[in-house]
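Protein chains: 2
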Amino acid sequence: MNDCDNRIQKIYIKGKRFPIEVGMKKVLLTDTVIEGQRIPNGSINIYDTGGVFTDPGYQHDVRKGIPRLREAWHTDDDNVEQLATFTSSYTNRQIQDAELQKIAFPVAYLPKRGKKGHAFTQMALAKQGVITPEMEYIAIRENLGKENPDSYITPEFVRDEVAAGRAVIPCNPNHPEAEPMIIGSKFFVKINTNIGNSALGSSIEEEVEKSVYSARLGGDTLMDLSTGKHIHQTREWIIRNCPVPMGTVPMYQALEKVNGKASELTWEMYRDTLIEQCEQGVDYFTIHAGLLQHLLPAVAKRLTGCVSRGGSIMAKWMKDHNEENFLYTHWDDICDILAAYDVAVSIGDGLRPGSTHDANDEAQLGELKVMGELCQRAWAKNVQVLIEGPGHVPMDKIKENMELQKDWCHGAPFYTLGPLTIDIAPAYDHITSAIGAAMIGWFGTAMLCYVTPKEHLALPNKDDVREGIITYKIAAHAADLAKHHPMAGERDDALSKARFEFRWIDQFNLSLDPEKAKEFYGVDKIKHTPYCTMCGPNFCAMRISREVSSQGKITE
Amino acid sequence: MNDCDNRIQKIYIKGKRFPIEVGMKKVLLTDTVIEGQRIPNGSINIYDTGGVFTDPGYQHDVRKGIPRLREAWHTDDDNVEQLATFTSSYTNRQIQDAELQKIAFPVAYLPKRGKKGHAFTQMALAKQGVITPEMEYIAIRENLGKENPDSYITPEFVRDEVAAGRAVIPCNPNHPEAEPMIIGSKFFVKINTNIGNSALGSSIEEEVEKSVYSARLGGDTLMDLSTGKHIHQTREWIIRNCPVPMGTVPMYQALEKVNGKASELTWEMYRDTLIEQCEQGVDYFTIHAGLLQHLLPAVAKRLTGCVSRGGSIMAKWMKDHNEENFLYTHWDDICDILAAYDVAVSIGDGLRPGSTHDANDEAQLGELKVMGELCQRAWAKNVQVLIEGPGHVPMDKIKENMELQKDWCHGAPFYTLGPLTIDIAPAYDHITSAIGAAMIGWFGTAMLCYVTPKEHLALPNKDDVREGIITYKIAAHAADLAKHHPMAGERDDALSKARFEFRWIDQFNLSLDPEKAKEFYGVDKIKHTPYCTMCGPNFCAMRISREVSSQGKITE
């Protein structure tokens, strides 16, 4: 096993413009040995979301949190000020509660906020022509640290995509632990993982562990969807230990604050929740502002109504109050808050179809149009925007979804849940949805929200999280290959070459889940078997093929 | 659990033209109970590949084999004669070996063969305008036993598709145990599963058990790819207990007969192997007759050469002898044998790409052209034809594959392995390939050869077989929904309605793998929870949605 592990290294590529160091994995390939002659195969760099957790030299202490990477890049940033106290009244009440302090994260950081009149979001700076350290970091990361003259991805290109709203860099200054990454259709397709305790289970420790686990395995962003006790404290622990951008649905916490009674929700309380989370370091918010009163009759016609938690809460509020969605009526206020912390908004699709039957219907498409309007209003305030998408959609209706989204939402990155392509496979919805996710990723979706095997059935455990993440890495990578990301194919070709030459160690090290591949193959056999376990020596097509093509016999 | 099981019944729908009974599953749905009022939901029929094994009244004795269903339909068939002895010299040697008789199947059936000058294959009869019992059986089966005036699938339609070569009914009269099914793009997408011992493991009992398991779970056909000892006897046991059509690659056994030495293969010995297997009841053969000498230079240019076992064997034979592929030069002889037993041919793609790098290359496409020629020659002799396809293909190259196959192979059904859309996920290749399989199924592929999680790594165990089958049922169903098979959506809608009404028992019974879904949900909670385990009661979108749309509260 060590033979495998010693060949995966963590490397850091230095920036040219800024004092940044971009971490990634480097796989040192073994030699091809033909008839006793050694031919080196070099190395392959791999995009790494694990941050310090994949650096073998790093000692983690969950009570201290991980290094605050981006803090050093902005020490003399004139746009941002450090506040003397928290702005949210809820936060202040939590701090003053001695009982809650026992479970609070041990280190307190005061919040940062953009100065009044200083437009400092990545989008605002991009529009001004500024290249930020984050943009250079991303260009290096997306090129896997290679000087690739054929790659269109340069810091300037990153800037231009962000300026146009076609890409989002979620990077709240209050979460400097997060490594910069980008969500946009011209870049690697990203995957989001969800964690979160509910009223029915799981603890703070478990959630932190799951979040670290998710980042190590390849989750590009993480949404904390907790709805149970101590949401504030759980989130703080996670953020301080989280190397990837983090998202939330602030409505979940708001509802907890009114004991689950949707009709008691108010704008003031929601506003305070937004600020509370902005100052903790949440990088993007899902906000269901597109579900309006005029769309509710279309929901009643559906087979499966409204299956979005945030959406159904707002629908109930609108019905109880007979008023328009307050997230919509306060949209400008929301955007002002988000712009002050460079928190991106992910406009939630409260009316995503919950069954293939309801796909692309009047309710879903009606909401999508509203989302397009909200997008432009957010951009006017330099708030970065993602658009959330379905849901359950049969394969033949996926492309239409993507095309309408591009058209109506002006090129803002699409962020979809799956979509699930059939409804009849509970316990396998990671697969029913990976099919749709791969396709919509190819068509242009920028980020895929993962689905685990427990979808529709139960909360995922660690095994489910692993299964969900790897399945979505597969979907994202399939999309990257199909859309010709300049760096996508190198790793496949290296693994295929290793396969044809029976270099098992390299096959494992280059794979998305080396541990499981090794386990299936049988660790004891890893070395030097010049045929596969499936067919045995006489039926090894690759062995025979080498012979037929006079490619020489693999001798080691 | 009994609550679930008693609601899945086995039913038999009688034919109108012929004395046939088409078996399928019927799920009796529970009532919707709104505010105490019961509203019945009827039932849903489900396509069932399990034959007698899913009939609770059937007692299986592996030593007797399963009922010979189709024998009674053809008692006065003037086209077919019962032979007095076996034609294959190899078979006769096996029968005369006392030692081998100890492991032989206990009941011996003499072979049937088409009479000289009588064209009796399903294709021959279809061309003559005849509707066979098999065709009516298939029409009933594809309509799920429903009288559906909107469905284009009638016995006449089945006949016309078979006559045109666009669909195949694999039904060797020597395998009357198999229930008729059809492979064609206008019908349900089918899945094939592979079993087979190799030099490295597994026994006859295990293989029979796996074949039964495969049919029960949803495998539409079964390929026995055994390459180890006692291939002849293993196959006999499997066929006599197999309710689905069975395929083989006769070359594998031929190679065993010459102790793995490809250069010693001869046409005479291969011919005897074909006849041996025709008379045992194999329903279709994979024959790698399209890999010709002029294509070998293109193979040497590839990243992963030739990865087909049958293909590499023939490539080696051609190189050793410096002669053209004898399967090609003897194609007419092969077709004459196949026509005499109505065994379909599945023209093997010896040059399927073994990596995304090699997809749609000169070697692959060159072979596809030859396959088109072979197809027409087989049709001229009334042999039913499938065309095998890749392999590893990135998503953006899948459609081209399908379109070229349709064009060059004149509409013959396409039968593909995956395709795998990326190369970097060993241990998850059921998923990398399900993405490609779903897409190519939608584009028109008629049958998908399953891939298990152990692909590239090891032989699959029972769990892997289950995972592979369910994954491929998902891909096939996603394709059926997308291509609008007239009966595809009913089950999804029924499950979605059940989901929206918290009818858990129905959700499980309608799902592709009820056992796993129940296991994940937690069996103890099956009854009457009006919200899901994931979100808890306050955050149940579906509960709130019902309320908002005034759909009444689910009370049971």
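Which chain is which? The protein sequence lines are C and X, in order.
Using this note's numbering, you'd call the opening residue of the first sequence number 1 and step up by one each time.
Using this note's numbering, you'd call the opening residue of the second sequence number 1001 and step up by one each time.
Cβ coordinates follow ideal geometry from the N, Cα and C atoms, glycine included.
For clarity, every value in this text was computed on a predicted model and none was experimentally measured.
### Message
Which complete beta strand (DSSP E) runs does the segment 413 to 490 of chain C hold, if anything under 3 residues is left out?
### Response
As far as the segment 413 to 490 of chain C is concerned, its whole beta strand (DSSP E) runs of at least 3 residues are 414 to 417, 447 to 449.
### Query
Along chain X, in chain order, which residues have C-beta atoms closer than 7 Å to that of C:ASP423?
Chain-order list of chain X residues neighbouring C:ASP423: ASP1492, LEU1495, SER1496, by C-beta distance under 7 Å.
### Query
What is the DSSP secondary structure of X:ALA1104, counted as helix, strand or coil?
If DSSP states are grouped into helix, strand and coil, X:ALA1104 belongs with coil.
### Message
Just to make sure I have the definition right: I need the residues of chain C whose C-beta is within less than 9 Å of the C-beta of X:PHE1500. Which are they?
### Response
Those within 9 Å of X:PHE1500 in chain C are ARG302, LEU303, THR304, GLY305, VAL307, GLY354, SER355.
#### Entry: Neighbourhood of X:LEU1125 by C-beta, 6 Å cutoff - its chain only, sequence neighbours within 5 removed
For X:LEU1125, where only same-chain residues beyond five positions count, the Cβ hits under 6 Å are THR1132.
### Task
Spatial neighbours of X:ALA1199 within its chain, please: CB distance less than 7 Å, with the 5 preceding and 5 following residues excluded, ordered by chain position.
Bear in mind that the predicted position of X:ALA1199 carries a pLDDT of just 49, short of 50, making it too unreliable to give a figure here.
### Residue burial classification, X:ARG1543 (beta-carbon count within 10 angstroms, cutoff 16)
Residue environment: X:ARG1543 is assigned as buried (16 or more neighbouring CB atoms within 10 Å of its CB, all protein chains considered).
### Task
Scan the segment 1318 to 1352 of chain X for residues whose Cβ lies nearer than 7 Å to a Cβ of chain B and list them as they occur along the chain.
Protein chains C and X are contained in the structure displayed, whereas chain B is not.
#### Entry: Distance between X:ALA1494 and C:THR421 (C-alpha atoms, nearest Å)
Answer to the nearest angstrom: the Cα atoms are 15 Å apart.
### Query
Residues in its own chain within less than 6 Å of C:CYS234 by CB, not counting five upstream and five downstream?
In the sequence on display, residue 234 of chain C carries Thr and not Cys. Closer than 6 Å at the Cβ level, and outside the excluded window around C:THR234, lie ILE204, GLU207, SER226.
#### Entry: Close Cβ partners of C:LEU512 (< 8 Å) along its chain, the five nearest in sequence each way excluded
Only residues of its own chain outside the window of five on either side were considered, and among them GLY218, ILE470, LYS473, ILE474, HIS477 have a CB closer than 8 Å to the CB of C:LEU512, listed in chain order.
### Task
Can you give me the start and stop residues for the alpha helix (DSSP H) that C:ALA164 sits inside?
DSSP places C:ALA164 in no alpha helix (DSSP H); its state is neither H nor E.
### Message
Does the segment 1234 to 1247 of chain X come into contact with the segment 1059 to 1067 of chain X, if we say contact requires no fewer than three beta-carbon pairs (one atom in each stretch) closer than 8 Å?
### Response
Taking 8 Å as the limit for Cβ pairs, the verdict is that the segment 1059 to 1067 of chain X does touch the segment 1234 to 1247 of chain X.
### Query
Distance, Cα to Cα, C:MET135 vs X:GLU1467?
Cα to Cα, C:MET135 sits roughly 42 Å from X:GLU1467.
#### Entry: Any chain X beta carbon closer than 8 Å to C:TYR152
Not an interface residue.
### Task
Using a Cβ-Cβ cut-off of 8 Å, state whether X:GLU1367 counts as contacting chain C.
The Cβ of X:GLU1367 sits no closer than 8 Å to any Cβ of chain C.
### Message
Any beta carbon from chain X within less than 8 Å of C:MET395's own beta carbon?
### Response
By this cut-off, C:MET395 is an interface position.
### Task
With a 10 Å radius around its C-beta and 16 neighbouring C-beta atoms as the bar for buried, classify C:PRO173 as buried or exposed.
Per the 10 Å Cβ criterion, buried.
### Those runs of the beta strand (DSSP E) which lie wholly inside the segment 244 to 317 of chain C and span at least 3 residues
Correct list: 246 to 248, 284 to 287.
### Task
Quick one: list the residues of chain X neighbouring C:ARG546, beta-carbon separation under 7 Å, in chain order.
Those are GLY1305, listed as they occur along chain X.
### Query
Since C:LEU296 meets chain X, which of its residues come closer than 9 Å, beta carbon to beta carbon?
Neighbours of C:LEU296 on chain X, chain order: VAL1548, SER1549.
### Task
Measure the CB-CB distance between C:MET318 and C:LEU327 and report whether it falls below 8 Å.
No, the pair does not count as a contact, with Cβ atoms beyond the cut-off.
#### Entry: CB of C:PRO419 within 8 Å of CB of C:HIS392, strictly
Closer than 8 Å, so yes.
### Task
Rank C:ASP220, C:GLU279, C:LYS316, C:LYS518 by C-alpha distance to the C-alpha of C:LEU255 and give the top, closest one.
The alpha carbon of C:LEU255 has as its nearest neighbour, out of C:ASP220, C:GLU279, C:LYS316, C:LYS518, the alpha carbon of C:LYS316.
### Query
What's the call for C:ILE89, buried or exposed, on a 16-neighbour Cβ count within 10 Å?
Residue identity check: residue 89 of chain C is Ser in the sequence provided, not Ile. With fewer than 16 other beta carbons inside 10 angstroms of its own, C:SER89 counts as exposed.
### Message
Taking the alpha-carbon of C:ASP55 as reference, which of C:ARG216, C:TRP408, C:GLU81 has the nearest alpha-carbon?
### Response
Selection C:ARG216, C:TRP408, C:GLU81 evaluated against C:ASP55 yields C:ARG216 as nearest (Cα-Cα).
### Message
Which residue marks the beginning of the beta strand (DSSP E) containing C:GLY366, and which one marks its end?
### Response
That residue, C:GLY366, is in no beta strand (DSSP E); its alpha helix (DSSP H) goes 362 to 380.
#### Entry: Close beta carbons around C:ALA412, own chain, < 6 Å, minus the five adjacent residues each side
Within the same chain, C:ALA412 has close Cβ partners GLY165, CYS375, VAL385, ILE387.
### Query
Of all the CB atoms in chain C, is at least one closer than 8 Å to the CB of X:LYS978?
What the structure shows of chain X is the stretch from 1001 to 1556, and residue 978 of chain X is not part of that stretch, so it cannot be assessed.
### Query
Any beta-carbon of chain C closer than 8 Å to the one on X:TRP1237?
X:TRP1237 does not count as touching chain C.
### Message
Mapping the DSSP letters down to three states, classify X:ARG1499 as helix, strand or coil.
### Response
When secondary structure is reduced to three states using DSSP, X:ARG1499 falls in the helix class.
### Task
Please say whether C:VAL282 and C:GLY247 have beta carbons closer to each other than 8 Å?
For C:GLY247 and C:VAL282, yes; Cβs fall inside 8 Å.
### Task
Quickly, what does DSSP pair X:GLN1082 with across the bridge? List them, please.
Answer is X:LYS1112.
### Beta-carbon proximity check, C:VAL383 vs C:THR121, cutoff 8 Å
Yes; because the gap between Cβ atoms is below 8 Å, this pair is in contact.
### Task
Determine the direct distance from the alpha carbon of C:GLU179 to that of X:THR1193, and round the result to whole angstroms.
Per the coordinates, the alpha-carbon of X:THR1193 lies some 45 Å from the alpha-carbon of C:GLU179.
### Task
Enumerate in chain order the residues of its own chain whose CB-to-CB distance from C:GLN82 is below 7 Å, with the five nearest sequence positions on each side excluded.
So the qualifying residues of the chain are LEU110, LYS112.
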